[in-house]
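Have a look at the structure below before the remarks.
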């Protein structure tokens with residue numbers, strides 16, 4: 001067959017797609033030069049509304065003994081059609097001589113399924129499609145299979161095995177505490193007995209910014225400095241083009257940065273302090289267990305004092321936008337418990353008053369002056385009405401005395417309003433006082449029984465995350481309840497691994513994203529969990545891998561958590577980013593952001609150097625996620641209203657920012673100045689910049705029809721400049737991928753491997769962090785290298801995940817930094833080893849779905865259901881002995897107006 005087009009090769013080289021987004025970097029292209037066509041999902045006329053009916057296609061495999069396997073299928077929303085692809089190839093490396101028969105249909109997704117183990121043929125049959133609702137006829141039923149020994153663990157342990165459990169209370173915040181959250185609120189629970197202090201968070205509570213100073217500019221320079229900045233930028237470009245090697249020192253670029261002023265940090269309002277009184281504080285504590293139930297989204301502790309069993313459970317409910325902590329005893333009316341609030345050190349001390357007889361009112365600011373926050377916390381009891389509030393020196397407490405159970409329900413909010421972050425509001429983000437809305441929320445929550453609130457929460461988690469989610473995964477694991485989670489973690493070894501602990505870490509990552517991203521703001525560097533007044537890197541939105549990695553598994557594993565991310569880009573980044581584009585770059589179209597953002601879009605001088613600040617591609621990378629969301633969901637209404645305007649704005653800016661390469665004078669368009677993220681030198685045509693902008697332009701072309709936009713001149717400009725761009729894929733003198741535009745050659749795949757090898761396994765120099773190891777694991781999976789993928793994945797878990805499976809930035813620190821991107825990136829890396837379906841250049845391409853591309857031998861048996869890929873395709877698969885055993889594919893039905901394409905093989 002003919003070689004792939006440059007378009008195919010480029011897109012595959014820069015779209016290392018594991019899940020909802022691409023591993024776009026200087027180090028990892030997708031495989032090129034394959035004997036198989038680039039695969040594709042043909043979805044023309046994507047402006048059609050998304051439909052809900054699906055067509056199941058069973059997959060049955062038999063081993064033919066070869067290095068590769070191919071299954072061809074055409075997915076069509078027509079009535080019943082029989083497909084019998086006569087695949088009897090004598091050479092396992094050859095494509096079949098013919099593929100599927102043409103179908104008369106309303107719409108089609110054209111797909112290659114590639115399995116990289118032994119060759120098999122598929123007996124494919126499109127199941128009957130009836131008029132009216134279509135039901136999946138062959139559901140995949142391969143779940144956990146092995147249940148725990150109920151006699152050895154508390155009865156309320158989840159039988160699925162999705163539980164982190166421990167024999168002792170938590171001591172160190174990052175390594176021991178357990179997270180709960182609903183997106184709006186979050187809490188870190190130590191699980192103590194007599195005295196327990198749970199760290200609280202409100203998602204929008206941020207020090208600094210316009211709440212601290214009305215001179216806050218979002219990192220932008222004063223408008224009067226714009227002419228000087230424009231001249232400086234031109235001089236920098238001239239110096240780069242005129243230098244012998246196309247680079248300049250960092251110091252020469254620092255002149256266009258702005259100092260950090262009033263940047264602030266995501267911060268905690270304080271801690272909920274719960275103290276037991278009376279008989280429950282005397283005598284030895286026995287049979288202590290604490291655990292986090294991932295199926296329910298509940299953290300529990302259980303212990304005995306004499307013949308009295310006490311249980312405390314904490315959860316944050318998304319439906320009620322409230323958090324609850326419930327304590328009960330097995331002996332009636334034996335519980336006396338005191339509730340108090342402890343302020344975060346170094347923050348202004350809040351006032352804690354009695355709002356009514358059983359409710360605390362906590363009000364304070366994140367800084368002085370600063371954003372206002374309020375929390376209302378109401379205590380209820382059984383028997384009822386046995387809680388009383390006492391106010392003393394602005395530090396009120398509530399006592400529940402002589403009760404069988406007591407629970408506290410809290411709500412919280414701030415005067416932050418991201419709808420007020422535009423020029424018409426002077427970028428103030430100032431909203432109304434949160435008090436009235438919190439009174440309403442608390443009233444609605446506490447008017448319901450505890451049982452009702454708990455069940456509503458559990459049902460929400462079941463549907464969105466756990467037992468009733470369309471996505472399920474088995475890695476052949478057997479739940480281990482003989483050893484606690486921290487003991488399993490201590491015994492874990494690199495390369496040997498433990499499928500159960502790996503499966504548990506996978507689900508813990510999904511749980512943390514689900515628990516932190518469903519509010520009004522996206523998950524930050526610590527999700528929504530922060531302990532201090534000033535947290536590492538501000539617990540902000542680092543957008544040169546960290547924010548992107550947070551969402552790797554969102555689309556593919558059916559987590560409906562991205563709405564807050566798109567709102568954040570629209571309301572926080574774009575308005576101020578348009579100002580940055582004009583002030584810093586003299587560009588009037590579109591908008592731009594840089595790295596490390598809460599309200600910042602300007603190029604701020606982190607550490608006094610532009611090396612850390614120069615990342616105008618941050619929004620570009622997020623646009624790849626944005627495109628993925630549409631590509632995975634076919635949500636045309638969302639695309640027209642929010643997705644396309646965001647993409648068009650970022651693309652417009654970069655159309656004007658690209659300039660002719662005056663260093664090599666080869667007629668190409670390049671980015672200048674640029675640098676690989678957080679790396680010197682300052683140069684031109686950086687591989688990362690060129691690749692990701694090219695990919696964004698490609699998304700513009702594919703998404704234009706569905707957008708309803710009539711601006712064809714914009715589309716033509718994108719197409720013309722994309723064709724003129726240097727594509728950013730070049731190989732250095734020792735065979736590595738490199739970031740500059742000289743010394744070009746082919747064979748990018750081999751160069752990616754060389755670059756990965758030379759960049760090491762992620763042990764330093766960046767403080768031995770977990771995110772860099774997870775990224776490497778995903779990259780090795782993209783190269784179909786199962787052994788190195790598993791080595792890197794197990795090394796990450798062994799090296800960087802604490803006893804509570806939280807990712808640690810520096811594992812050697814006795815009080816280490818929690819950094820969530822490795823936790824949230826871990827599921828994406830695992831998915832990339834199980835299924836790959838990279839983006840394609842156009843809707844005339846086919847979408848390659850590669851089954852088990854980097855399956856490690858430790859996961860020789862397993863299954864998944866509801867794993868999403870592009871085009872509304874969901875894949876179900878069972879594998880045995882490292883090879884597919886059975887499976888099915890379902891495809892969202894396409895609208896009648898869509899064109900039906902006939903598969904072709906060249």
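Numbering (full-length UniProt numbering), first residue to last: 1 to 906. Using N, Cα and C, we set each Cβ at its ideal position, and we do this for glycine too.
Thinking residue i and residue j are a contact (beta carbons under 8 Å), I'd like their distance in whole angstroms, please.
{"i": "residue 595", "j": "residue 615", "result": "4 Å"}
{"i": "residue 770", "j": "residue 822", "result": "3 Å"}
{"i": "residue 654", "j": "residue 162", "result": "Not really, about 43 Å apart at Cβ, beyond 8 Å."}
{"i": "residue 183", "j": "residue 203", "result": "7 Å"}
{"i": "residue 879", "j": "residue 861", "result": "7 Å"}
{"i": "residue 575", "j": "residue 709", "result": "Between residue 709 and residue 575 the Cβ distance is about 21 Å, and since that is not below 8 Å, they are no contact."}
{"i": "residue 824", "j": "residue 523", "result": "7 Å"}
{"i": "residue 609", "j": "residue 254", "result": "6 Å"}
{"i": "residue 407", "j": "residue 380", "result": "6 Å"}
Between residue i and residue j, what straight-line distance do the alpha-carbon atoms span, to the nearest angstrom?
{"i": "residue 310", "j": "residue 327", "result": "7 Å"}
{"i": "residue 177", "j": "residue 211", "result": "31 Å"}
{"i": "residue 888", "j": "residue 864", "result": "11 Å"}
{"i": "residue 515", "j": "residue 478", "result": "26 Å"}
{"i": "residue 563", "j": "residue 320", "result": "18 Å"}
{"i": "residue 907", "j": "residue 624", "result": "Lying before the first or after the last residue shown, residue 907 is absent from the chain, which here runs from 1 to 906."}
{"i": "residue 412", "j": "residue 169", "result": "27 Å"}
{"i": "residue 398", "j": "residue 160", "result": "38 Å"}
{"i": "residue 323", "j": "residue 774", "result": "32 Å"}
{"i": "residue 498", "j": "residue 791", "result": "12 Å"}
{"i": "residue 286", "j": "residue 872", "result": "52 Å"}
{"i": "residue 446", "j": "residue 757", "result": "57 Å"}
{"i": "residue 187", "j": "residue 659", "result": "48 Å"}
{"i": "residue 830", "j": "residue 778", "result": "7 Å"}
{"i": "residue 385", "j": "residue 377", "result": "15 Å"}
{"i": "residue 367", "j": "residue 344", "result": "11 Å"}
{"i": "residue 565", "j": "residue 404", "result": "43 Å"}
{"i": "residue 694", "j": "residue 270", "result": "46 Å"}
{"i": "residue 749", "j": "residue 785", "result": "12 Å"}
{"i": "residue 581", "j": "residue 209", "result": "20 Å"}
{"i": "residue 940", "j": "residue 548", "result": "Outside the shown range of the chain (1 to 906) lies residue 940, about which nothing can therefore be said."}
{"i": "residue 140", "j": "residue 462", "result": "The predicted model places residue 140 with a pLDDT of 27, which falls under 50 and marks its position as unreliable; any figure quoted below should be read in that light. Answer to the nearest angstrom: the Cα atoms are 18 Å apart."}
{"i": "residue 278", "j": "residue 402", "result": "10 Å"}
{"i": "residue 646", "j": "residue 154", "result": "50 Å"}
{"i": "residue 528", "j": "residue 260", "result": "23 Å"}
{"i": "residue 747", "j": "residue 755", "result": "13 Å"}
{"i": "residue 284", "j": "residue 342", "result": "27 Å"}
{"i": "residue 282", "j": "residue 193", "result": "12 Å"}
{"i": "residue 724", "j": "residue 509", "result": "41 Å"}
Per DSSP, residue i is paired with what?
{"i": "residue 166", "result": "290"}
{"i": "residue 407", "result": "326 and 380"}
{"i": "residue 417", "result": "The partner list for residue 417 (beta bridge, DSSP) is empty, contrary to what the question assumes."}
{"i": "residue 179", "result": "188"}
{"i": "residue 832", "result": "Bridge partners of residue 832: none, in fact."}
{"i": "residue 387", "result": "400"}
{"i": "residue 790", "result": "The partner list for residue 790 (beta bridge, DSSP) is empty, contrary to what the question assumes."}
{"i": "residue 365", "result": "372"}
{"i": "residue 695", "result": "In the DSSP output, where bridge partners are listed per residue, residue 695 has none listed."}
{"i": "residue 725", "result": "669"}
{"i": "residue 502", "result": "According to DSSP, residue 502 bridges with nothing at all."}
{"i": "residue 270", "result": "200 and 343"}
{"i": "residue 527", "result": "524"}
So with Cβ pairs under 7 Å, would you call residue i a contact of chain B?
{"i": "residue 539", "result": "Given the protein chain composition of this structure (a single chain), no chain B is represented."}
* Just list the alpha helix (DSSP H) runs in the stretch 610-690, keeping only unbroken ones of 4 residues or longer that don't cross its boundaries, in chain order. => Within the stretch 610-690, the complete alpha helix (DSSP H) runs of at least 4 residues are 610-613, 618-633 and 644-657.
* Stretch pair the stretch 583-597 + the stretch 625-640: three plus CB contacts closer than 8 Å -> Contact between the stretch 583-597 and the stretch 625-640 is absent, with fewer than three C-beta pairs closer than 8 Å.
* Kindly confirm or deny that the stretch 849-864 and the stretch 831-838 touch, where touching means at least three C-beta pairs closer than 8 Å. => With a cut-off of 8 Å, the stretch 831-838 and the stretch 849-864 count as touching, because enough Cβ pairs lie within range.
* Do the stretch 669-677 and the stretch 231-248 touch if we need at least three Cβ pairs shorter than 8 Å? -> Between the stretch 669-677 and the stretch 231-248 there are three or more inter-stretch CB-CB distances shorter than 8 Å, so the stretches are counted as touching.
* In chain order, which beta strand (DSSP E) runs of at least 3 residues are fully inside the stretch 194-237? -> Those beta strand (DSSP E) runs which fall completely within the stretch 194-237 and span 3+ residues are 195-202.
* Quick one: which unbroken beta strand (DSSP E) runs of 3-plus residues sit fully inside the stretch 460-487? Chain order, please. => Within the stretch 460-487, the complete beta strand (DSSP E) segments of 3 residues or longer fall at 472-474, listed in chain order.
* To do: Count the CB pairs spanning the stretch 676-687 and the stretch 246-262 that are closer than 8 Å, and state whether there are at least three.
  => Using a C-beta cut-off of 8 Å, the stretch 676-687 makes contact with the stretch 246-262, since at least three inter-stretch Cβ pairs fall below that distance.
* Does the stretch 456-473 come close enough to the stretch 424-437 to have 3 or more Cβ pairs within less than 8 Å? -> Using a Cβ-Cβ distance cut-off of 8 Å, the stretch 456-473 and the stretch 424-437 are not in contact, since fewer than three pairs of beta carbons, one from each stretch, lie closer than that value.
* Pair every Cβ in the stretch 533-553 with every Cβ in the stretch 481-488, then say whether three or more of these pairs are closer than 8 Å. => They do not touch, by the three-pair rule.
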